[in-house]
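S.K.: Starting off with a structure, shown below.
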Amino acid sequence: MPTQGLALAGRVAVELVAGIAVGGFLGWLLDSWLGTTPLFMVVLFFIGAAAGMMNVWRAATGRGMAAGYFEEQAESDNDQHKDRSG
Amino acid sequence: MHSPVKQFTIEVLYELSLFGFDISFTNSALFMVLAVIVSTLFLAVAMRPAAVVPGRLQSAAEMMYEFVADMVRSNVGSEGRPYFPFIFTLFVFVLFSNLLGMLPYSYTTTSQIIVTFAMASFIFVAVTLIGLIKHGLHFFSFFVPAGAPKPLYPLIILIEVVSYFVRPVSLSVRLFANMLAGHTMLKVFAGLAVMMAGAGGVTAAGSLLPLLAIIGLTGLEFLVAALQAYVFTILTCMYLNDALHLH
Chain A
16 MPTQGLALAG RVAVELVAGI AVGGFLGWLL DSWLGTTPLF MVVLFFIGAA AGMMNVWRAA
76 TGRGMAAGYF EEQAESDNDQ HKDRSG
Chain B
5 MHSPVKQFTI EVLYELSLFG FDISFTNSAL FMVLAVIVST LFLAVAMRPA AVVPGRLQSA
65 AEMMYEFVAD MVRSNVGSEG RPYFPFIFTL FVFVLFSNLL GMLPYSYTTT SQIIVTFAMA
125 SFIFVAVTLI GLIKHGLHFF SFFVPAGAPK PLYPLIILIE VVSYFVRPVS LSVRLFANML
185 AGHTMLKVFA GLAVMMAGAG GVTAAGSLLP LLAIIGLTGL EFLVAALQAY VFTILTCMYL
245 NDALHLH
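Top to bottom, those sequences are chains A and B. Under my numbering, read the first sequence as residues 16 to 101, first letter to last. Under my numbering, read the second sequence as residues 5 to 251, first letter to last.
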């Protein structure tokens with residue numbers, strides 16, 4: 016369905032920017048609280064960028080938006096564990 | 005000439021204050037109330053015949069209901085049933101706010117970040133609470149990715165926590181940015197058409213081009229209005245699904 020493709024496209028762009036914005040903002044909050052200006056802001060800026068990328072990847076691969084929740088991957092990991100123990 | 009962003013100015017229609025807070029009734033509030041009234045009227049009038057073989061209006065209302073019901077069923081599953089009324093209301097409200105904004109001289113409530121952010125943060129808090137109530141402390145296992153190497157845990161958990169907090173922001177910014185950009189673009193093209201027509205000569209004849217563009221853009225804006233209501237709702241479903249079904 017083309018509508019779903021459009022819906023996905025709309026999600027992806029915002030996700031990237033939002034990650035960086037939220038990371039930077041959380042860092043700024045921590046910095047102004049602990050008085051460690053630019054440390055956390057810089058660190059969390061990059062963490063935020065990574066989080067944004069991760070969300071884009073999740074949206075693009077159709078894994079939903081769950082943090083840390085990948086049904087298919089969890090299943091294949093279980094298989095791996097079985098292999099290792101076996 | 006009007007500025008293309010003049011359409012987004014908040015105008016106070018009726019001044020009100022409660023315990024020193026300014027809670028004036030604005031044009032934005034008016035269109036939120038209108039969205040509620042129009043959607044309620046639409047559903048009530050459409051469903052009045054309650055015929056077995058629905059007419060046009062009743063079909064439209066039933067299709068809207070089925071659409072959201074299918075969305076909840078396929079994205080959340082049967083545990084999502086208690087939340088269906090909320091999700092349906094959310095969809096209808098966002099859809100009607102977006103569509104009412106397409107009327108000339110009207111106001112697009114969803115083009116205000118504070119409106120969309122209020123909705124998104126309510127959903128964020130509610131979904132987090134549902135997850136916490138349903139799973140207790142196990143909810144925090146949510147942030148631990150399955151099958152990642154142990155030494156990477158601190159970094160990955162940090163990224164996951166930040167990506168969780170990104171949710172309300174990306175949810176609200178998406179709706180707001182789409183409505184803001186679309187409506188600004190319409191006004192920019194409209195302003196261009198008026199300016200070109202005013203210039204006279206060949207330029208005036210050329211004003212037909214932006215005019216044609218506006219026709220296309222208006223169609224696109226109707227699509228965006230419906231699409232963004234759909235995206236907002238489906239993401240709410242996905243977030244709810246995450247909270248209900250942990251790994």
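The C-beta atom is built at its ideal place from N, Cα and C for all residues, glycine as well.
(1) Sort out for me which residues DSSP pairs phenylalanine 25 of chain B with in a bridge.
(2) Beta-carbon separation of leucine 231 of chain B and glycine 25 of chain A under 8 Å?
(3) Using the beta-carbon of each residue, which ones in chain B are nearer than 8 Å to leucine 41 of chain A?
(4) Thinking C-beta only, is alanine 247 of chain B closer than 8 Å to proline 172 of chain B?
(5) Find the residues of chain A that neighbour asparagine 182 of chain B, judging by a C-beta separation of less than 8 Å, and give them in chain order.
(6) Can you pull the chain B residues whose beta carbon is under 8 Å from the beta carbon of valine 37 of chain A, in chain order?
(7) When you compare the CB positions of phenylalanine 46 of chain B and serine 101 of chain B, do they come within less than 8 Å of one another, or not?
(8) Under 8 Å, Cβ to Cβ, is there at least one residue of chain B near alanine 75 of chain A?
(9) Indicate whether at least one CB of chain A lies closer than 8 Å to the CB of isoleucine 163 of chain B.
(10) What's the call for serine 43 of chain B, buried or exposed, on a 16-neighbour Cβ count within 10 Å?
(11) Nearest chain A C-beta to leucine 231 of chain B closer than 8 Å, yes or no?
(12) Establish whether the CB of valine 235 of chain B and some CB of chain A are separated by less than 8 Å.
(13) Per DSSP, which residues does valine 16 of chain B bridge with? Please list them.
(14) In chain order, what residues of the segment 47 to 70 of chain A put their CB closer than 8 Å to some CB of chain E?
(15) Checking contacts by CB at 8 Å: is valine 56 of chain B closer than that to chain A?
(16) In chain order, what are the residue ranges of uninterrupted alpha helix (DSSP H) at least 4 long that sit wholly in the segment 132 to 218 of chain B?
(17) Could you tell me whether the segment 175 to 186 of chain B touches the segment 106 to 122 of chain B, where touching means 3 or more Cβ pairs closer than 8 Å?
(18) Pull up the distance between the alpha-carbon of proline 8 of chain B and that of glycine 186 of chain B, whole angstroms please.
(19) Is alanine 233 of chain B near isoleucine 218 of chain B, with beta carbons less than 8 Å apart?
(20) Residues of chain A with a CB under 8 Å from the CB of arginine 178 of chain B: which are they?
(21) CB-CB under 8 Å to lysine 97 of chain A, same chain, minus the five flanking residues each way: which ones, in chain order?
(22) Once you ignore the five residues that flank leucine 38 of chain B on each side, which residues in its own chain have a CB closer than 7 Å to its CB?
(23) Under the assumption that glutamate 19 of chain B contacts serine 28 of chain B (Cβ atoms under 8 Å), give the Cβ distance between them as a whole number of angstroms.
(24) Starting from the beta carbon of leucine 44 of chain A, find every residue of chain B whose beta carbon is closer than 9 Å, and list them in chain order.
(25) Taking buried to mean at least 16 other C-beta atoms within 10 Å of its own C-beta, is leucine 141 of chain B buried or exposed?
(26) Would DSSP call arginine 52 of chain B helix, strand or coil?
(27) Can you tell me whether DSSP reads glycine 42 of chain A as helix, strand or coil?
(28) Would you kindly report the start and end of the unbroken alpha helix (DSSP H) that includes tyrosine 69 of chain B?
M.R.: Taking the coordinates as given:
(1) In the second sequence, residue 25 of chain B corresponds to position 21, counting from 1. Note: phenylalanine 25 of chain B sits in a beta bridge opposite B:Leu22.
(2) The count along the second sequence starts at 1 and reaches residue 231 of chain B at position 227. The count along the first sequence starts at 1 and reaches residue 25 of chain A at position 10. Contact: yes.
(3) On the first sequence, position 26 is the one that residue 41 of chain A refers to. Close to leucine 41 of chain A, with beta-carbon spacing below 8 Å, are these residues of chain B in chain order: Val166 and Phe169.
(4) As a position in the second sequence, residue 172 of chain B is number 168, starting the count at 1. As a position in the second sequence, residue 247 of chain B is number 243, starting the count at 1. Going by C-beta atoms, proline 172 of chain B is not nearer than 8 Å to alanine 247 of chain B.
(5) Stepping through the second sequence from its first residue, residue 182 of chain B is reached at position 178. Ordered by position in chain A, the residues that pass the 8 Å Cβ test against asparagine 182 of chain B are Gly25.
(6) Numbered from its first residue, the first sequence carries residue 37 of chain A at position 22. What valine 37 of chain A touches in chain B: Val166, Phe169, Val170 and Val173.
(7) Along the second sequence, read from residue 1 onward, the residue named residue 46 of chain B stands at position 42. Along the second sequence, read from residue 1 onward, the residue named residue 101 of chain B stands at position 97. For phenylalanine 46 of chain B and serine 101 of chain B, no; Cβs fall outside 8 Å.
(8) Here residue 75 of chain A corresponds to residue number 60 of the first sequence, with the count starting at 1. For alanine 75 of chain A, the answer is no, since every Cβ of chain B falls outside 8 Å of its Cβ.
(9) Within the second sequence, the letter at position 159 stands for residue 163 of chain B. Isoleucine 163 of chain B counts as touching chain A.
(10) On the second sequence, position 39 is the one that residue 43 of chain B refers to. Buried, because 16 or more other Cβ atoms sit within 10 Å of the Cβ of serine 43 of chain B.
(11) If you number the second sequence from 1, residue 231 of chain B lands on position 227. Closer than 8 Å: yes.
(12) Residue 235 of chain B sits at position 231 when you count from the first residue of the second sequence. The Cβ of valine 235 of chain B sits closer than 8 Å to at least one Cβ of chain A.
(13) Residue mapping note: residue 16 of chain B aligns to position 12 of the second sequence, counting from 1. Bridge partners of valine 16 of chain B: B:Thr30.
(14) Checking the listed chains, one finds no chain E in this structure; the protein chains it contains are A and B.
(15) By 1-based counting over the second sequence, the position of residue 56 of chain B is 52. With 8 Å as the cut-off, valine 56 of chain B does not count as an interface residue toward chain A.
(16) 157 to 203 and 205 to 210
(17) yes
(18) Here residue 8 of chain B refers to the residue found at position 4 when the second sequence is read from its first residue. Here residue 186 of chain B refers to the residue found at position 182 when the second sequence is read from its first residue. Annotation: proline 8 of chain B to glycine 186 of chain B spans about 11 Å, alpha carbon to alpha carbon.
(19) For the purposes of this step, residue 233 of chain B is taken as the residue at position 229 of the second sequence. For the purposes of this step, residue 218 of chain B is taken as the residue at position 214 of the second sequence. No, these two residues do not count as a Cβ contact at 8 Å.
(20) Residue 178 of chain B sits at position 174 when you count from the first residue of the second sequence. Within chain A, the residues near arginine 178 of chain B are Gly25, Arg26 and Val29.
(21) On the first sequence, position 82 is the one that residue 97 of chain A refers to. Residue confidence is low: lysine 97 of chain A scores 39 on pLDDT, short of 50, so the model does not pin down where it sits. Its coordinate-derived value is still stated next. Answer for lysine 97 of chain A: no residue qualifies.
(22) Your numbering for residue 38 of chain B matches position 34 in the second sequence. Excluding positions up to five away in sequence, the list reads Leu104.
(23) As a first step, residue 19 of chain B must be located in the second sequence, where it is residue number 15. As a first step, residue 28 of chain B must be located in the second sequence, where it is residue number 24. Yes, they are in contact, since the Cβ atoms of glutamate 19 of chain B and serine 28 of chain B sit about 5 Å apart, within 8 Å.
(24) Locating residue 44 of chain A in the first sequence gives position 29, where the first residue counts as 1. Within chain B, no residue comes near leucine 44 of chain A; the closest Cβ sits about 11 Å away, beyond 9 Å.
(25) The residue given as residue 141 of chain B occupies position 137 in the second sequence. When all chains shown are included, leucine 141 of chain B counts as exposed.
(26) Within the second sequence, residue 52 of chain B is the residue found at index 48, counting from 1. Reduced to three states, the DSSP call for arginine 52 of chain B is coil.
(27) If you number the first sequence from 1, residue 42 of chain A lands on position 27. In this structure, glycine 42 of chain A counts as helix in the three-state DSSP scheme.
(28) Counting from 1 along the second sequence, the entry for residue 69 of chain B is found at position 65. Residues 60 to 79.
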